[in-house]
Structures are given as structure tokens and as C-alpha cells.
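Undergrad: Can you read through this structure? Questions will come right after.
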Amino acid sequence: MEVIKIKGTDDTPNVILDQDNGIYEISGRSLPEDVTSFYEPILNWLDDFAETAEGQTVFSFKLVYFNTASSKLLLDILMKLEEMHENGKDVLIKWYFPEDDEDMEEAGEEYADIVDVPFEQVAYTL
Numbered sequence: 000m001e002v003i004k005i006k007g008t009d010d011t012p013n014v015i016l017d018q019d020n021g022i023y024e025i026s027g028r029s030l031p032e033d034v035t036s037f038y039e040p041i042l043n044w045l046d047d048f049a050e051t052a053e054g055q056t057v058f059s060f061k062l063v064y065f066n067t068a069s070s071k072l073l074l075d076i077l078m079k080l081e082e083m084h085e086n087g088k089d090v091l092i093k094w095y096f097p098e099d100d101e102d103m104e105e106a107g108e109e110y111a112d113i114v115d116v117p118f119e120q121v122a123y124t125l
């Protein structure tokens, strides 16, 4: 499968979707001007990946900030991972947050409540 690597900017997250190396990660800040066009290739990739995924898929979110528009698209990604899980795929979501950032911790908790997927919250020190 094609690898998606998007280098993050001040407004867009770093994205790595690499099936061969088992790396699935979105990190940084997410407030793209056109959130739909930014996330559309990621959602399309996940549709294709769902057909061929083998073994465990550990999808990591290491965001330090995201805006309201991004939150909807992040939920769309989580829903696709939930669908994979419901179809018998081994999926684990890891939500990383700075240990002193209650907002990001709560965002992870809220997402964990919405989707039925194994979900780990991981605090880290900046």
C-alpha cells in the first residue's frame, strides 16, 4: 500500500501511515485552513487499509492542539478504526497527551467513550 507521510507545519499535523513498517500516527497541531481536504486522503487510505490490515494496528494520536473542525475529522478517523475493530481486526488506539494538559487528556477520554475500540491514554512529559 502507498505510504502517506505529511510533514507537519504550524497549522497541520505530522501524519505517517505506513503499513509495511506498522506506523500509524498523527502528531502535532491540527488547525488546517481546509480541514476536509487535509483529512480526506487519510480517510480514503484508511478505507483501503481496512481491507488489507493484518496483525495488530496501533494507531497513535500525539496531538498538542486541535481545533473544533479537526475534532470532527479525528472522530471520523476513530469511527473507521472502530469499524475495523467490529470487523474482527486487532486495533489499539493510543492517545498521547502532555501530562499537564487537562484539555487534551479530557479530549482523549471523550473519544474513548464514543468509540468501542481498545483505547489507551498515555501521559508524557514535554
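Counting with numbering that gives the first Met the number 0, you get residues 0 to 125 for the letters of the sequence shown.
The C-beta atom is built at its ideal place from N, Cα and C for all residues, glycine as well.
Measure the C-alpha to C-alpha separation of Asp99 and Thr124 and round it to an integer number of angstroms.
TA: Computed Cα separation, rounded: 8 Å.
Undergrad: Hey, could you find the ends of the beta strand (DSSP E) Ala52 is sitting in?
TA: Where Ala52 is concerned, there is no enclosing beta strand (DSSP E), given that its DSSP letter is neither H nor E.
Undergrad: Is it true that the CB of Val14 sits closer than 7 Å to the CB of Thr56?
TA: No.
Undergrad: From the DSSP output, read off the bridge partner residues of Gln120.
TA: For Gln120, which the question treats as bridged, DSSP gives the partners Trp94.
Undergrad: Just list the beta strand (DSSP E) runs in the stretch 25 to 88, keeping only unbroken ones of 3 residues or longer that don't cross its boundaries, in chain order.
TA: Complete beta strand (DSSP E) runs here, min 3: 55 to 65.
Undergrad: For the structure I just gave you, are there three or more beta carbon pairs, one from the stretch 64 to 82 and one from the stretch 107 to 118, closer than 8 Å?
TA: Touching, per the Cβ criterion.
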